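Residue numbers (the working numbering): 14 to 91.
For each residue, glycine too, the CB sits at the ideal point set by N, CA and C.
Since the model is a prediction, treat every value here as computed from it, not as a measurement.
The structure appears right after this line, and notes come after that.
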C-alpha cells in the first residue's frame, strides 16, 4: 500500500472513532434487532432440557433458516 492510502486509512479510522464517541445508542432499537431475536430463540432452545443434542442442533439450524442465515451443509442429510 502507498503512504497516501495508509494516511487516508488512518484519518478515516480516527474520524470514525471520534464520531462513535459522540454516538447515542437507542437501546429499544437494539432490543428489536434481528440478531437479538435470533440469539433469544437459540437461548430458549439451549435451555430446553427436553431436547437431545441432535434435536437441539436441528432446532438451531431451523432458526438460522428462518432468518436466512447460512448454517453450512453439514446438517443437510436430505
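Non-local beta-carbon contacts of residue 54 in its own chain, meaning distances under 7 Å to residues more than five positions away in sequence, involve 76 in chain order. Here the C-alpha atom of residue 81 lies approximately 29 Å from the C-alpha atom of residue 37. The closest CA to that of residue 57, considering only 29, 69, 25 and 46, is found on 69. Taking the CA atoms as reference points, residue 19 sits about 38 Å from residue 51.
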